[in-house]
Amino acid sequence: MSSEFRIDSFIVDKILNPGYRSVRNVEEVNIRFINNSNDTVDLYWIDFRGNLVYYLKLGSRKVVKLTTFIGHYWIARFIRNGAAAQFLPGRTEVFAITRHLPHTAIVFITQKVPTLFEAAVEHIGELFYKQQYALYWLPVPELVKFDIYFYIRRKRIYQEALNFLSTSRNLLRPNHNNLLKIFANGQIDLCLQAISDLSVECPDFEMNEIFLTYLRKEFVVMSFSTVCSYVKKWIDFLLQNTSGIRNHCFLLKHLICCTDLLQNKQLQLLLHEILPQVYCHLCLMKQYSIASVVAEVIFYSVALLGAYSDEYDRETLRNVWNKLLLPEVCMKSAHFNLCTVLVMSSLDFDCTQHMQCLENSLSNLKESDDLSLSTRKQFLVLLKANLGILLSHCQPNQSEMLLNILITFHLENNDLYLLIQSIFRHSRLTYAYVSKVIQPFFRCLLLNLSLLIDENFSQQKGNVGIWIRENIVEILSISNKSYEDELNSWKIIMSSFVPASHHILLSDKKFCQIVQSICGKGYSLKSLPVSLRVALFCVLITLIPCISSELFEIAIESTLSIMRSDTKLFRILINSVKGKLLKKYIMILLRCGCSNNYSKSTQILVKEFLLSDCSRDMLSVKSDAMLKAAVQRPLIEEEYYFLKPLCDTFDEIHCEMNTGENSALRISAEEVFQHVYGLISPLDCMDAMKLSLFESSLSVLSVVKTLQDNDTTVSEKEVQNIAEHVTNADQLCKTLCKHPDRLIELGIISEQLSQLLKRSILWMVKRGKLEHIISWKYVKYFELYDESIINEVISIASVEMLKNLLHSSSHNLQASKKFALYFALAKHQNEEKRKLLFAVLKDVLEIVVDIAGRDYLIAVDFLRHILPVATGSAYERDFVSFALTVLAVNCESLSSNFIALRRTLSLLLDCLRFGAHSVINDQCSLYINLFVCVGRAIQKYVNDTRTINPQFTRYLSYGFAKVAGEMVKYERSFSRIAPFIISECLEDAECLSLALFRIFSMCDSHSVALLTTNLPLLQKTRFANLSLYFRKIKMIV
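This is the structure:
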């Protein structure tokens, strides 16, 4: 019997105590649970004490969408036997969202695939469920019997546990459907009364966050008289009762924060006269946690009126708060002292003494078991919300202390990004806010970072933590200096640069959070002041070698982002680093990038370090060091990785190498070229790596050629050698540009092909062979080229060259072969080159007709650019008619694609703008049908896409209104059928109201009367509302 009891206890504990607790949070996230299993599951929320709270039953293939909070845990159990389901993608038995998501999370509930043994146990358990005693005669080993017995007991206990869970103390379960019914039926009074009764009867009763969210929405729309009635009722309750005051206090706080206190004079008087009495009463009853909540409500009412109301003088409001400062009731908690400081600062009184009290009370911050009433949490939430005001009244040491408390708290909770979001909630960072909040915050953050680094580098010579603490933080302490003085200070600091060893990788959670923060998570690095960007740049380049692979690419990208914000400044700073140390650091960077999936961003960063000092001698020294390091790499891929940034550097400074002595640099460049060429030879087009090396060799070869031409010390043999290489490069580049299809057949990927073609074309341009490229032999392969390459070729080519090309024979090329050139010309910024298409519009029209049959979206995009060119030509009507036909044929597929809708609106607008002749003929009806179809497609897209970005909706709505506005210009043609448009679009008026207003302006009174008479009842009501709104807007205008 005792063994059965122990088994049952174990099963109960396993079912009811999953071992997780939800974390209190107010940041909402949307989840869509999809039961992808073949059985019904029970979905549970795990509350803040680790108990299961029943939510709903979810059938097989059913979906439920709910709103939960970050840090809230969910579990699903199969109703058949109580077994835990699994959540995808992690296949975990417990699910929680730990970070903010801008969209609805899709979570699949699945069943674990059982082994053959598990499936057999489950099947036998089902057979013996009602005859458990018969299990003992089953001819199987005892261990197998025990597994079957365990399955049966779990199933039976789970059925019993369901009854217990359904009558749990948390009667207000987060069931959205029930809550919506309650609030929709106006039963808010009944809900609040139920909460009041439950709070008295059940001392541990709590309201969950979801229920509070719905309550707050109801509080916002309450009338002033109802608000005052409830506030008075709950204040009386707090004064007269000792049981249930916790929930009443929270209701009071949420109600006052959700109402318009400035407009409710009666409520103001009530709060200022009676609420201080409640505070004193609670303090005398030693209910200090609840008294803190009341004090915060009083602070809110006083500070709000002090900031925004002219009816109260400062002394009157101060006297309200002074009632809380009486010696017999005044609390010494940090939360209360913080409220006092905020009240005094909002009323412009001196708060030095109160700040000192706050500083003294910070050591007493303690966590409470009841997180909702934790004075520490109340303090931190209030501090974060009023950080700017508070820090403006702090001394530097006090400011640092408060910021460290906040940073430590959020690091412990693994949500430092929430603090960052709070600090950067202002879109514009004023100088005062930056100096009082942003810079001190990052100073504290970097100090915390340096202490974390000390734990790992304590025995290492040249500790980077000490360098950050002593030098980087000094950057943020420099003030009242001119830019030149600041720059000199930064140079001195950079001269003592200490890179971290790449052998020590730091993966501590707190370290990773801080690194993500200084990498720009939650804000824009470009928005920071220069001094702060310099500080973060120094920290990042110091720590990059010891950052784990998960954050490596983010750190590199952030470093590049900071550098690009002021390239000149950061190249000067890099140049301040000692040459020997800089060479060593470049090697460390390359090794780190090589071990992190051959990071391309790291190569770009290395190139920036090489370009920081373009003196010929220094660059040749760096070049020699990188070449030696590359030679020592065991793999050709690693050699290429080391040499690529060096080759790109040579290519970038090519234009600056035309004068002066350059013997040392020429020798280095020749050595690099000879080494790269040695790796290529013999050139095998089947080898992708050799083609990449050939592309790099072109960069160095052009530099070597230039350096040779300007160096008097070059020998004749060297000239002949390079001349031979140039001839070979000419031939290879010509072949590559002329037959890129052969490379595709060999399996060269598109990105590599694009880079190779771009480099080859630039080589031919530098060699003065552009006329070869501007011919149909080469242009026919433009469809394989990257868009940037085509634009570059067109930009370099003269108008005469392009004109000769368009008028020359195209050898009966396929439409796609010529379309790439036509499209590039149509989009080109040079109007003179765009207008060259005017002479070949017939051919262009034939080609776009062919393209539309294969990809109508590309055809629509092309037509948008060609219509302005075709305006005024004999083919104008043909182009407009074809554009309208393309839209009409593909109207059905618009609603599933935002890009298609956007391009359709643009093309329809251009047809009206550039096709004036098409409006006054029988194509009017086609315009109307398209207008209606596009309107319906927009509404369907908005309805079907649940997580649509509001900016997308706005864009489509305004774009549709622009089309309607353009139709108004042709009122004579459209006015007779404008009522038809309105009647067809009334069902979709939600997103199209602005466009319908403009169509409405074309309707005469007779049309309106006729429309009102013939419309169905529902549409008639919508039309009446639309008509009313239109008249109001017209009167205002």
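Counting along the sequence shown from 1, when you hit position 909 you're at 922 in our numbering, and nothing is skipped either side.
Built from N, CA and C at the ideal position, the CB exists for glycine as well.
Does DSSP put ARG584 in a helix, in a strand, or in coil? helix
Less than 9 angstroms between the beta carbons of ARG331 and VAL356, yes or no? yes
Could you give the residue range of the beta strand (DSSP E) that holds PHE794? In the sequence as displayed, the identity of residue 794 is Tyr instead of Phe. Element bounds for TYR794: n/a, residue is neither H nor E.
Let me check one thing: in DSSP terms, what residues is ALA109 bridge-paired to? TYR86
Which value, in whole angstroms, describes the spacing of the CA atoms of PRO992 and ASP856? 41 angstroms
Taking the C-alpha atoms as reference points, what is the distance between PHE224 and ARG104? 29 angstroms
Closest by C-alpha distance to TYR301, when choosing among ARG867, LYS278, CYS262: CYS262
Spatial distance of HIS367 from LEU538 (CA atoms): 36 angstroms
Write down the C-beta distance between ILE802 and SER767 rounded to the nearest angstrom, noting that I regard them as a contact closer than 8 angstroms. 7 angstroms
Look up LEU65 in the DSSP assignment and say whether it is helix, strand or coil. strand
How close, in whole Å, do the beta carbons of VAL717 and PRO658 come, if the pair is a contact with beta carbons under 8 angstroms? Wrong, their Cβ atoms sit about 18 angstroms apart, outside the cutoff.
Given this structure, state the Cα-to-Cα distance separating SER530 from THR421, to the nearest angstrom. 14 angstroms
For VAL899 and SER986, what's the separation of their Cα atoms in angstroms? 22 angstroms
Any beta carbon of chain E sitting closer than 9 angstroms to that of LEU519? The question asks about chain E, but that chain is absent: this structure has only one protein chain.
Going along the chain, which residues of its own chain have a beta-carbon closer than 6 angstroms to the beta-carbon of LYS771, five neighbours each way excluded? ILE802
Please return the same chain residues whose Cβ sits closer than 8 angstroms to the Cβ of LEU632, not counting the five positions on each side in sequence. LEU623, ASP626, THR662, ILE666, LEU678, SER681
Beta-ladder partner(s) of TYR325, from DSSP: The partner list for TYR325 (beta bridge, DSSP) is empty, contrary to what the question assumes.
Under the assumption that ILE557 contacts ALA568 (Cβ atoms under 8 angstroms), give the Cβ distance between them as a whole number of angstroms. 5 angstroms
Is DSSP giving VAL234 helix, strand or coil here? coil
Starting from THR555, follow its DSSP beta bridges and name the residues at the other end. None, per the DSSP bridge assignment.
Please list, in chain order, all residues of the same chain as SER359 whose beta carbon is under 8 angstroms from its beta carbon, the five residues on each side excluded. VAL315, ALA316, GLY319, ALA320, ILE402
As assigned by DSSP and simplified to three states, the class of LEU338: coil
Are VAL477 and LEU404 close, meaning C-beta to C-beta below 9 angstroms? no
Excluding the five sequence neighbours on either side, which residues of its own chain have a C-beta within less than 6 angstroms of the C-beta of TYR794, listed in chain order? PRO753
Pairing CB atoms from the region 82–89 with CB atoms from the region 102–120, are three or more of them under 8 angstroms? yes
Compute the minimum distance between the beta carbon of PRO992 and the heavy atoms of the ligand ZN, and state whether it is under 8 angstroms. With respect to small molecules bound, the structure shown includes none, and the ligand ZN cannot be examined in it.
Using only the alpha-carbon positions, how far apart do LEU1009 and ARG967 sit? 15 angstroms
Give the secondary structure of LYS474 by DSSP, where H, G and I count as helix, E and B as strand, and everything else as coil. Since pLDDT at LYS474 reaches only 48, below the 50 mark, its modelled position is unreliable, and no value is offered.
Comparing alpha-carbon positions, which option in PHE965, PHE550, LEU541 lies nearest THR443? LEU541
Collapsed DSSP secondary structure at GLU708 in the structure displayed: helix
Going by alpha carbons, who is nearest to LEU283 out of LEU251, VAL244, ALA304? VAL244
Run the CB neighbour count on THR917, radius 10 Å, all protein chains shown included, and call it buried at 16 or more, exposed below. buried
Do the region 493–513 and the region 449–463 make contact, defined as three or more Cβ pairs closer than 8 angstroms? no
Under a three-way DSSP split, which group does GLN281 fall into? helix
State the start and end residues of the unbroken beta strand (DSSP E) segment that holds ALA513. ALA513 -> no beta strand (DSSP E), and no H or E assigned at all.
Contacting residues, own chain, Cβ-Cβ under 7 angstroms from SER544 (five flanking each side not counted): ILE488, LEU489, ILE491, GLU499
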